[in-house]
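These protein sequences, in sequence, are chains A and B. 50 is the number that the numbering used here gives to position 50 of the first sequence; each next residue is one higher, with no gaps. Position in the second sequence (first residue = 1) + 133 = the numbering used here. Using N, Cα and C, we set each Cβ at its ideal position, and we do this for glycine too. What you are looking at is a predicted structure, and each value in this text was computed from that prediction instead of being measured.
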Amino acid sequence: MDKKRIRVLVAKAGLDGHDRGAKVISFALRDAGMEVVYSGLHQTIDQIVSTAMQEAVDVIGLSMMSGAHLPICQKLVEKMREKKMEDVLVVVGGVIPKQDIPRLRDMGIEGVFPGGTPFEESVRWIQEHAKRA
Amino acid sequence: MGVARYVKNEKDVIEDVILQSGIHVKPMYGPNDLEEVGFDYERDTPDPGQYPFTRGIHPLGYRSRAWTTRQYSGFGTPKETNDRFKFLITHGQTGLNVAFDLPTQMGYDSDNPMAEGEVGRVGMAVDSLRDFEIAFKGIPLNRIGSGLTINAVASIMLAMYQAVGEKYGFSKNEISATPQNDILKEMVGRGAWIYPVEPAVRLIGDTIEYAMKEMPRTNPVSVCGYHIRESGATPVQEIAYAIQIANAYIDEVLHRGYDVDDFVGRFSFNINIYGNLWEQVAKFRAARKLWAKNLRERYGAGKKNPKVLFFRGLFGGGGSGLTKSQPENNIMRGAYYALAAALGGAQTTALCSFDEAYTIPTPRAALLSLRTLQLLMDEMGLRDTVDPLAGSYFIETLTKQLEEKILEEIKKIDDLGGMVKAVSSGYVQREVARQAYEFERGVQKGDLIKVGVNRYTEGEEEDVDLHEYRGQSAEEQMRSLAEVKRTRDDKEVTRCLRQLEKTAREKGNVMPDLLQCCKAYATVGEMAGVFRNVFGEFKEPSIF
Numbered sequence: 001m002d003k004k005r006i007r008v009l010v011a012k013a014g015l016d017g018h019d020r021g022a023k024v025i026s027f028a029l030r031d032a033g034m035e036v037v038y039s040g041l042h043q044t045i046d047q048i049v050s051t052a053m054q055e056a057v058d059v060i061g062l063s064m065m066s067g068a069h070l071p072i073c074q075k076l077v078e079k080m081r082e083k084k085m086e087d088v089l090v091v092v093g094g095v096i097p098k099q100d101i102p103r104l105r106d107m108g109i110e111g112v113f114p115g116g117t118p119f120e121e122s123v124r125w126i127q128e129h130a131k132r133a
Numbered sequence: 134m135g136v137a138r139y140v141k142n143e144k145d146v147i148e149d150v151i152l153q154s155g156i157h158v159k160p161m162y163g164p165n166d167l168e169e170v171g172f173d174y175e176r177d178t179p180d181p182g183q184y185p186f187t188r189g190i191h192p193l194g195y196r197s198r199a200w201t202t203r204q205y206s207g208f209g210t211p212k213e214t215n216d217r218f219k220f221l222i223t224h225g226q227t228g229l230n231v232a233f234d235l236p237t238q239m240g241y242d243s244d245n246p247m248a249e250g251e252v253g254r255v256g257m258a259v260d261s262l263r264d265f266e267i268a269f270k271g272i273p274l275n276r277i278g279s280g281l282t283i284n285a286v287a288s289i290m291l292a293m294y295q296a297v298g299e300k301y302g303f304s305k306n307e308i309s310a311t312p313q314n315d316i317l318k319e320m321v322g323r324g325a326w327i328y329p330v331e332p333a334v335r336l337i338g339d340t341i342e343y344a345m346k347e348m349p350r351t352n353p354v355s356v357c358g359y360h361i362r363e364s365g366a367t368p369v370q371e372i373a374y375a376i377q378i379a380n381a382y383i384d385e386v387l388h389r390g391y392d393v394d395d396f397v398g399r400f401s402f403n404i405n406i407y408g409n410l411w412e413q414v415a416k417f418r419a420a421r422k423l424w425a426k427n428l429r430e431r432y433g434a435g436k437k438n439p440k441v442l443f444f445r446g447l448f449g450g451g452g453s454g455l456t457k458s459q460p461e462n463n464i465m466r467g468a469y470y471a472l473a474a475a476l477g478g479a480q481t482t483a484l485c486s487f488d489e490a491y492t493i494p495t496p497r498a499a500l501l502s503l504r505t506l507q508l509l510m511d512e513m514g515l516r517d518t519v520d521p522l523a524g525s526y527f528i529e530t531l532t533k534q535l536e537e538k539i540l541e542e543i544k545k546i547d548d549l550g551g552m553v554k555a556v557s558s559g560y561v562q563r564e565v566a567r568q569a570y571e572f573e574r575g576v577q578k579g580d581l582i583k584v585g586v587n588r589y590t591e592g593e594e595e596d597v598d599l600h601e602y603r604g605q606s607a608e609e610q611m612r613s614l615a616e617v618k619r620t621r622d623d624k625e626v627t628r629c630l631r632q633l634e635k636t637a638r639e640k641g642n643v644m645p646d647l648l649q650c651c652k653a654y655a656t657v658g659e660m661a662g663v664f665r666n667v668f669g670e671f672k673e674p675s676i677f
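And the structure:
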């Protein structure tokens, strides 16, 4: 039986326009056999959640480069709870200082992959933790 | 990117070096190589100051004047930014380059919900002329020029800069602004776009037209190869795309009936400096030559005044060459990159500071960058003679080879119908994204060496003192904005905004109206909002 492919929404939330990392990880996840939807820039949390639902993704991958990851992740997690999307995995990458990783964990975000994380590591973690319908 | 690929045998002997531009580097160069590439001194690299300016735009180069140093700076409130400006100027910096926060860059006021979490984070918050008054207080704007790293709302910021100059008694003829004002590169590699391509390019045309007539010392655009390189472009593409972007802006102004010589001389460029040392130096020389030739051959420019053919550049930055691991290595990287810029004859320069893989620079990090630049000019002999590597068999061969490749890339864009089409369709974005992925794979596999990342990784990670984002800056800024709104003449603001909208709809030059709006303390959000209503928003082409 065919294993259903993991669907990932790679999203750029907020005003930051640095998307090289988001695009690079999108290529990597695709090469690893996942289906990737890239949100494009300047997405609000509402837009990301809405796209995630429409595209029926298993994972939301936030790419955060400007340092605003804590307030933005907090909002995302709350919105997802509101929409009862607990089955959707959230992972975060980009410019994430070490000291913020425990704080993200407290929000329920375990998968944190700062820039430079080897692709296999991110891919393997997502494969192990994503739930597929 | 920017590191070469090394093919080595089992004894670590280098068998081949492949530069990012695809050029193979030989173990040794001699007179035969010059012959093979058809090198001719008078034609290819005449004396500096002579067309096509490969060796430099000025016969004396740095002997006449050292490069201008412009560390990118700004954060928090305008007061905090004014302090940092003065700190850098006190330490010998000769120009400013203003960093704006993301809400400002995206045309949102500090009290807009879209601005939450970002006010004053990556740059200074600017909501109205009041903020410029604070930011530029005590700065002699007739002697110190300001780069304004702003793009989608560059027209607004240029008008605001003129307004603040006048407030402090500096006429528009005395002040020197260089708004970055390059929207096409935003769409490729920086992402701070707002409006669709056509009206965005028209706004750029407005600023060029206005500066040509009203602000003789202002450089209305700083065309950026920089960010396209940061996004994954090769050094060849960086120059080719920069030239083609500049051509798109030239075309916009030519449509208005002007002579190219009347405005193109104020174009400036922003080019990256990280990468293989030799490739970078040759790249700058090739860029000077190809820009001059492009202007003369494509537009017949330079007839009235050959100086308009000068490629005037900020060669600096180098951000994507820096690493998070072993951050102090970035101090040395900065020094080597700066050397490339000096050997390449940059008019202006600035460095990404050693802590910038983490966040915006601390004063100490910014000062280290500034000293790096001063050391080269004042101690190491980079002012001694112009284009010191000229005549090198290697550098002259490499310069010629790069020229050929850049011309091929320029032609590819011509074949696609020009840069506007190439960017609107997503072609450039796809190319650079794919290359960025290839590069990252190369680093992860160890094919491309990055010290501290995949080689010499032993040792403890050092702790770096980092700039901290002050949440209170956002609160202070919002209070300040409320005060401005409370004390200004709302009727006048409404009148000015209405006039701005009318002009924008009629496709007239918006600069005079923007100046009025700024003087009435209309906010950035209000002015940018008018443009949003009239022009709409850019829709990114899909690249997957």
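Partners in chain A for residue i, counting only beta-carbon separations shorter than 7 Å
i      : result
B/T492 : G67
B/M239 : L15
B/G358 : Those within 7 Å of B/G358 in chain A number zero; the least Cβ separation is about 15 Å.
B/A468 : Simply none; closest approach about 23 Å.
Own chain residues within Cβ distance below 6 Å of residue i, not counting five before or after
i      : result
A/V95  : M65
B/V140 : E148, D149
B/Q568 : G365
B/R323 : H360
B/R217 : S206
A/R30  : V36
B/R638 : V667
Exposed unless 16 or more other CB atoms sit within 10 angstroms - verdict on residue i
i      : result
A/H129 : exposed
B/F417 : buried
B/D339 : buried
B/V390 : First, the amino acid is wrong: residue 390 of chain B is Gly here, not Val. Exposed, by the Cβ-count rule.
B/A268 : buried
A/H69  : buried
B/L235 : buried
B/M320 : buried
B/S502 : buried
Chain-ordered neighbours of residue i on chain A, where CB pairs are closer than 8 Å
i      : result
B/S243 : By Cβ distance, chain A contributes nothing, its closest Cβ being about 12 Å from B/S243, past 8 Å.
B/Y570 : K23, V24, F27, A28
B/Y602 : G67
B/R691 : Residue 691 of chain B lies beyond the stretch modelled for chain B, which goes from 134 to 677, so this question has no answer here.
Sequence-distant residues of the same chain with beta carbon closer than 7 Å to residue i, five excluded per side
i      : result
B/S154 : T367, P368, V369, E412, L535, K538
A/F33  : Before going further, note that residue 33 of chain A is Gly rather than Phe in the sequence given. R5.
B/T282 : Y205, N230, V231, A232, F233, Q313
Three-state secondary structure assigned by DSSP to residue i
i      : result
A/E35  : strand
B/E371 : helix
A/V57  : coil
B/N666 : helix
B/P332 : helix
B/P312 : strand
B/P353 : coil
B/I151 : strand
B/M134 : Here the model assigns B/M134 a pLDDT of 42, short of 50, so the residue's position is not dependable, and the following value carries that caveat. In this structure, B/M134 counts as coil in the three-state DSSP scheme.
B/L549 : coil
B/R399 : helix
A/I126 : helix
A/L96  : For the sequence presented, residue 96 of chain A should be read as Ile rather than Leu. The answer is coil: DSSP assigns A/I96 none of H, G, I, E or B.
A/S26  : helix
B/S304 : coil
Cβ shell of residue i (< 8 Å), same chain only, five flanking positions each side left out
i      : result
B/A615 : D244
B/G575 : R138, L581
A/M107 : C73, Q74, V77
Residue i: contacting residues in chain B (beta-carbon distance under 9 Å)
i      : result
A/F119 : E573, R574, Q577
A/V36  : F677
Partners in chain A for residue i, counting only beta-carbon separations shorter than 9 Å
i      : result
B/K457 : V95, P114, G115, G116
B/M257 : Those do not exist, as B/M257 stays about 15 Å from chain A at its closest Cβ, beyond 9 Å.
Within chain B, the residues that residue i reaches when beta carbons sit closer than 8 Å
i     : result
A/H18 : R323, G324
Closer than 7 Å at the beta carbon, the chain E residues around residue i
i      : result
B/E673 : Although the question refers to chain E, the structure presented lacks it and instead comprises the protein chains A and B.
Unbroken stretches of the alpha helix (DSSP H), 4 residues or longer, contained in the segment 441 to 501 of chain B: 462 to 476
Segments assigned alpha helix (DSSP H), at least 4 residues, entirely inside the segment 157 to 213 of chain B: 164 to 169, 174 to 177
Complete runs of the beta strand (DSSP E) confined to the segment 249 to 284 of chain B [at least 3 residues]: 279 to 282
Whole runs of the alpha helix (DSSP H) within the segment 503 to 568 of chain B, excluding any shorter than 4 residues: 526 to 548, 552 to 557
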